[in-house]
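Trainee: Numbering (UniProt numbering), first residue to last: 1 to 367. Below are the structure tokens for one structure; questions will follow.
Rendered as structure tokens:
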């Protein structure tokens, strides 16, 4: 596998830190406390080891119909009966050499079962990690990406396919459909001009069980309501809840916890697993902020039969056991709350057009 790297060791970290300073300057205007808080956090983390976590030795659950293991950030192993789906795999200690992992991955990639599908939500380094795909290449049976994604893959052995919005892929009863989200699709910045539709969420269906994976998204009610209209019986939604601050910069493309909770209601899902927080330094959020704010948002609305299930990195939760049957939410639990917890602006009335540890590698690939 041909790797493009800046190098290794301290020199690489200094180079990465310089690039992070530039990124922060662009994001925060180069001045102010937000900028220096982000830079300070990044500087300290580059020379610290990721926090260790307990890991499951064998994630295959014979007792489970539906289970999720949170590996960290947007990486989750989803089991639906005998099918295994991995989302946005990232196992490296940095992403793009720009952001350092603060907690180690919640699963050794060697422990992964054969993967029926790997889902890539968009091209950002913390979602499309070529170094991580190197590690799991032989385990992947099918990789699915949004439009334009194949441009960024190199010499991998697995099958890869781009999906347009609402386009399904199906094999052996496992059906996965690309669904709309609100994000950006470029990888390097310069490619923003042509990567206009290279981001997606996914709905996974198998044996009557439906799982939603949101990848990374801002809050737009149209995305979630139209998805619910097409998939009215979502059991589980994996939804991003960070980065949060500075809100004026991040609001457009990243949901905060209250907005994610509203998306949970919009989708009509039964369970929610929060993702995309407390794994990498990519904002000025402090560890614990996202879950604290999510808890505060929950207190403002009645969840009814719904449940939000936060997982520790490395924790696996069984939502449905073998022998249990699927049960829809009661009708009175289907409607969104009367008072939305989200502070997101109301969408325009005109519909938006959508295109149909030491064993952790030190750095991710930059190609």
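All residues carry an ideal CB built from backbone N, CA and C; glycine is no exception.
Rounded to the nearest angstrom, what separates residue 104 and residue 137 at their Cα positions?
Mentor: So the alpha carbons of these two residues sit roughly 20 Å apart.
Trainee: For a minimum of 3 consecutive residues, which ranges assigned as the beta strand (DSSP E) are wholly contained in the stretch 81-158?
Mentor: DSSP runs (the beta strand (DSSP E)) wholly in the stretch 81-158: 83-87, 117-119 and 142-146.
Trainee: Quick one: what does DSSP say residue 213 is sitting in, helix, strand or coil?
Mentor: Here residue 213 sits in strand by DSSP.
Trainee: Less than 8 Å between C-beta atoms, sequence neighbours within five positions excluded: which residues of the same chain meet that for residue 216?
Mentor: Taken in chain order, the residues that qualify are 74, 121, 122, 124, 127, 181, 183, 199, 240, 253, 254 and 276.
Trainee: Output the distance between the C-alpha atoms of residue 187 and residue 146, rounded to the nearest integer angstrom.
Mentor: Distance between the alpha carbons of residue 187 and residue 146: 13 Å.
Trainee: According to the Cβ coordinates, are residue 49 and residue 91 closer than 8 Å?
Mentor: Contact flag unset, no.
Trainee: Put residue 311 into one of helix, strand or coil per three-state DSSP.
Mentor: Coil at residue 311, not helix or strand.
Trainee: My parser needs the beta strand (DSSP E) runs of 3 or more residues fully inside the stretch 241-266; what are they?
Mentor: Entirely contained in the stretch 241-266, not one beta strand (DSSP E) run reaches 3 residues.
Trainee: Within the continuous alpha helix (DSSP H) that includes residue 297, where are the two ends?
Mentor: Note, residue 297: alpha helix (DSSP H), 289-300.
Trainee: When DSSP builds the beta bridges, which residues end up paired with residue 303?
Mentor: According to DSSP, which records beta bridges pairwise, residue 303 is partnered with nothing at all.
Trainee: List the whole-angstrom C-beta distance separating residue 244 from residue 250, where the pair is believed to meet the contact cut-off of C-beta under 8 Å.
Mentor: That belief holds up - the Cβ atoms of residue 244 and residue 250 are roughly 7 Å apart, short of 8 Å.
Trainee: Have a look at 311, 61 and 272 and flag the residue whose alpha-carbon is nearest the alpha-carbon of residue 305.
Mentor: For residue 305, the nearest C-alpha among the options comes from 272.
Trainee: Give the secondary structure of residue 199 by DSSP, where H, G and I count as helix, E and B as strand, and everything else as coil.
Mentor: Residue 199 falls in the strand class under three-state DSSP.
Trainee: Counting C-beta neighbours from all protein chains within 10 Å, is the total for residue 226 16 or more, i.e. buried, or is it exposed?
Mentor: With 16 or more other Cβ atoms within 10 Å, it is buried.
Trainee: If the criterion is Cβ atoms closer than 8 Å, does the pair residue 149 and residue 170 meet it?
Mentor: No; because the gap between Cβ atoms is not below 8 Å, this pair is not in contact.
Trainee: Under the three-state reduction of DSSP, which class applies to residue 221: helix, strand or coil?
Mentor: Helix at residue 221.
Trainee: Starting from residue 317, trace the beta strand (DSSP E) both ways and give me its first and last residue.
Mentor: Looking at the DSSP string, the run of the beta strand (DSSP E) that includes residue 317 is 316-321.
Trainee: Following the continuous beta strand (DSSP E) through residue 64, name the residue where it begins and the one where it ends.
Mentor: Note, residue 64: beta strand (DSSP E), 64-72.
Trainee: With a threshold of 7 Å on Cβ separation, who are the neighbours of residue 81 within its own chain once the five nearest residues in sequence on each side are excluded?
Mentor: Contacts found: 65, 206 and 207.
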